[in-house]
Amino acid sequence: MAMALPGVLLLLLFQYLPILGNVIAFQDYEPYLGISGSPWVGFRNFAVIFNGDPAFLHALGNTLAVLLLQVVFVFPAPIALALALNGLVSEKLKRFVQSVLYLPHFLSWVIVVSISQSMLGGSGLLNNWLRSGGHEAVNIIGNASIFKELLTSQVIWKDTGWATILFLAALSQIDASLYEAASVDGASRWSQLWHVTLPGLRAIIILLFILRLGDALTVGFEQIILQQGPVGNQVSDVLDTYVYNNGVLNGNWGRQPPSAW
Numbered sequence: 001m002a003m004a005l006p007g008v009l010l011l012l013l014f015q016y017l018p019i020l021g022n023v024i025a026f027q028d029y030e031p032y033l034g035i036s037g038s039p040w041v042g043f044r045n046f047a048v049i050f051n052g053d054p055a056f057l058h059a060l061g062n063t064l065a066v067l068l069l070q071v072v073f074v075f076p077a078p079i080a081l082a083l084a085l086n087g088l089v090s091e092k093l094k095r096f097v098q099s100v101l102y103l104p105h106f107l108s109w110v111i112v113v114s115i116s117q118s119m120l121g122g123s124g125l126l127n128n129w130l131r132s133g134g135h136e137a138v139n140i141i142g143n144a145s146i147f148k149e150l151l152t153s154q155v156i157w158k159d160t161g162w163a164t165i166l167f168l169a170a171l172s173q174i175d176a177s178l179y180e181a182a183s184v185d186g187a188s189r190w191s192q193l194w195h196v197t198l199p200g201l202r203a204i205i206i207l208l209f210i211l212r213l214g215d216a217l218t219v220g221f222e223q224i225i226l227q228q229g230p231v232g233n234q235v236s237d238v239l240d241t242y243v244y245n246n247g248v249l250n251g252n253w254g255r256q257p258p259s260a261w
């Protein structure tokens with residue numbers, strides 16, 4: 001109990017206590033007046049953004065689109081990678097591959113975005129190679145039509161290796177006798193995967209999926225804000241960046257009705 005106390009205190013201090021600040025959603029908030037001095041407006045802010053702010057609707061739609069891509073492509077990626085790593089016979093090779101795949105997780109998004117621009121930008125390695133071969137350059141960085149797919153690929157490259165840790169741990173707990181019994185019964189590798197491995201991972205998959213949905217509206221503020229300029233806010237704005245651009249940069253903490261714009 002005593003060992004858990006520091007973690008509980010940190011959780012309360014940095015996760016739950018700041019939730020009290022959400023009352024500013026019901027105020028015409030002014031930072032210099034504070035929560036106690038800002039006037040209360042009830043649900044006016046919500047009515048304004050849903051009824052008269054197309055930028056908010058774009059941000060909401062972009063957030064849901066990025067979330068869908070991450071659920072479909074990012075969430076299953078570490079499961080597939082963990083299964084592939086678990087199939088490696090050599091333990092030394094497995095540890096080496098794991099170490100290499102873990103490294104991108106420790107890079108900041110500033111570095112990851114810089115690497116993407118160096119590789120895929122207009123003057124990046126890919127386009128320089130295409131030009132040297134007499135081919136036309138491809139527009140990847142700054143291409144609004146594939147911006148969400150670019151975000152998804154960056155997340156997969158950065159975090160998939162690290163996310164395999166829990167799945168590899170769960171795979172190590174599956175009783176080897178189950179595979180032996182399935183093999184004796186004539187089950188193929190695919191049948192063993194479907195009827196032994198995936199059921200063994202079911203609990204951790206469901207838990208992590210629920211946790212991911214609980215964080216659904218947070219889809220990568222730093223990653224997006226660093227790449228927002230070339231593609232424009234309409235394509236790239238998500239809820240996090242919408243709040244930052246309108247509240248922090250423009251000082252528009254409390255939304256005004258359209259007549260006041």
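1 is the number of the first residue of the sequence shown in UniProt numbering; add one for each residue after it. C-beta atoms are modelled at their ideal positions from N, C-alpha and C, and glycine is treated no differently. Source: prediction; values computed, not measured.
- Query: If you draw a straight line from the alpha carbon of residue 211 to that of residue 37, how long is it in whole angstroms?
  - Reply: On the sequence shown, position 211 is the one that residue 211 refers to. On the sequence shown, position 37 is the one that residue 37 refers to. Their Cα atoms are separated by approximately 36 Å.
- Between which two residues does the alpha helix (DSSP H) harbouring residue 183 extend? On the sequence shown, residue 183 is found 183 positions in, with the first residue counted as 1. Start and end: 176 to 184.
- Query: Measuring CA to CA, which of 195, 173 and 125 is closest to residue 181?
  - Reply: Locating residue 181 in the sequence shown gives position 181, where the first residue counts as 1. Of the residues 195, 173 and 125, the one whose Cα lies closest to the Cα of residue 181 is 195.
- Item | Presumed contact (8 Å Cβ cut-off) between residue 85 and residue 168, rounded CB distance | The residue you call residue 85 lines up with position 85 of the sequence shown. The residue you call residue 168 lines up with position 168 of the sequence shown. Sure, about 6 Å apart at Cβ, within 8 Å.
- Item | Alpha-carbon to alpha-carbon, residue 232 and residue 15 | Reading the sequence shown from its first residue, position 15 is the one you call residue 15. Reading the sequence shown from its first residue, position 232 is the one you call residue 232. Between residue 15 and residue 232, the C-alpha separation is close to 32 Å.
- Assigned secondary structure, residue 227 (DSSP; H/G/I helix, E/B strand, else coil): Against the sequence shown, residue 227 aligns to sequence position 227. Three-state result, residue 227: coil.
- From residue 134 to residue 119, what distance separates their C-alpha atoms? As a first step, residue 134 must be located in the sequence shown, where it is residue number 134. As a first step, residue 119 must be located in the sequence shown, where it is residue number 119. Spanning the alpha carbons of residue 134 and residue 119 requires a straight line of approximately 18 Å.
- Message: Is it buried or exposed, residue 236, if we count other Cβ atoms within 10 angstroms and call 16 or more buried?
- Response: Position 236 of the sequence shown, counted from the first residue, corresponds to residue 236. Flag for residue 236 reads buried.
- Which one or two residues does DSSP pair with residue 27 in a beta bridge? As a first step, residue 27 must be located in the sequence shown, where it is residue number 27. Paired residue(s): 40.
- Task: Starting from the C-beta of residue 42, find all residues in its chain whose C-beta is less than 8 Å away, skip the five residues before and the five after it, and write them out in chain order.
- Result: Working through the sequence shown from its first residue, we reach residue 42 at position 42. If we look at residue 42 and ignore the five residues flanking it on each side, its Cβ neighbours are 26.
- residue 63 vs residue 193 beta-carbon contact at 8 Å: Counted from its first residue, the sequence shown places residue 63 at position 63. Counted from its first residue, the sequence shown places residue 193 at position 193. Taking the C-beta atoms as reference points, residue 193 is found no nearer than 8 Å to residue 63.
- Alpha-carbon spacing of residue 215 relative to residue 184, whole angstroms: Here residue 215 is taken as the residue at index 215 of the sequence shown, counted from 1. Here residue 184 is taken as the residue at index 184 of the sequence shown, counted from 1. Between the alpha carbons of residue 215 and residue 184 lies a gap of roughly 43 Å.
- Message: Using a Cβ distance threshold of 8 Å, determine whether the region 97 to 109 contacts the region 140 to 160, with at least three qualifying pairs required.
- Response: By the Cβ rule, the region 97 to 109 counts as touching the region 140 to 160, because three or more pairs are nearer than 8 Å.
- Task: Classify residue 6 as buried or exposed, calling it buried when 16 or more other Cβ atoms lie within 10 Å of its own Cβ.
- Result: The sequence position of residue 6 within the sequence shown is 6, counting from 1. Burial call: exposed.
- Message: To test your reading of the DSSP string, which unbroken beta strand (DSSP E) runs of 3 or more residues are found completely within the region 89 to 136?
- Response: Contiguous beta strand (DSSP E) elements confined to the region 89 to 136 do not occur, taking only those with 3 or more residues.
- Alpha carbon to alpha carbon, what distance is there between residue 201 and residue 244? Translated into the one-based positions of the sequence shown, residue 244 becomes position 244. Translated into the one-based positions of the sequence shown, residue 201 becomes position 201. So the alpha carbons of these two residues sit roughly 38 Å apart.
- Item | Pair within 8 Å by beta-carbon distance, residue 75 and residue 209 | Counted from its first residue, the sequence shown places residue 75 at position 75. Counted from its first residue, the sequence shown places residue 209 at position 209. Between residue 75 and residue 209, the C-beta spacing is below 8 Å.
- Item | Start and end residues, alpha helix (DSSP H) containing residue 58 | By one-based count along the sequence shown, residue 58 stands at place 58. Counting along the chain, the alpha helix (DSSP H) containing residue 58 begins and ends at 54 to 69.
- Item | Assigned secondary structure, residue 145 (DSSP; H/G/I helix, E/B strand, else coil) | Position 145 of the sequence shown, counted from the start, is the residue given in the question as residue 145. DSSP places residue 145 in helix when its eight states are reduced to three.
- Message: I'd like the span of the alpha helix (DSSP H) that includes residue 173, first residue to last.
- Response: Stepping through the sequence shown from its first residue, residue 173 is reached at position 173. Counting along the chain, residue 173 falls outside any alpha helix (DSSP H), and DSSP gives it neither H nor E.
- Message: Does the structure place the region 109 to 126 close enough to the region 135 to 146 that three or more beta carbon pairs sit under 8 Å?
- Response: Per the Cβ contact rule, the region 135 to 146 is in contact with the region 109 to 126 (3 or more Cβ pairs under 8 Å).
- Do residue 253 and residue 30 have their CB atoms nearer than 8 Å? Walking along the sequence shown from the start, residue 253 turns up at place 253. Walking along the sequence shown from the start, residue 30 turns up at place 30. It is a contact, given that the beta carbons lie within the stated cut-off.
- Message: Excluding the 5 residues flanking residue 177 on each side, which residues of the same chain have their C-beta closer than 6 Å to its C-beta?
- Response: Position 177 of the sequence shown, counting from 1, holds the residue named residue 177. Within its own chain, no residue has a Cβ closer than 6 Å to the Cβ of residue 177 once the five positions on either side in sequence are excluded.
- Task: Give every residue of the same chain whose Cβ lies closer than 7 Å to the Cβ of residue 40, excluding the five residues on either side of it in the sequence, and list them in chain order.
- Result: In the sequence shown, counting from the first residue as 1, residue 40 sits at position 40. These residues qualify, in order along the chain: 26 and 27.
- Task: For residue 209, name the three-state secondary structure that DSSP assigns.
- Result: As a working mapping, residue 209 is identified with position 209 in the sequence shown. Looking at residue 209 - three-state DSSP - the assignment turns out to be helix.
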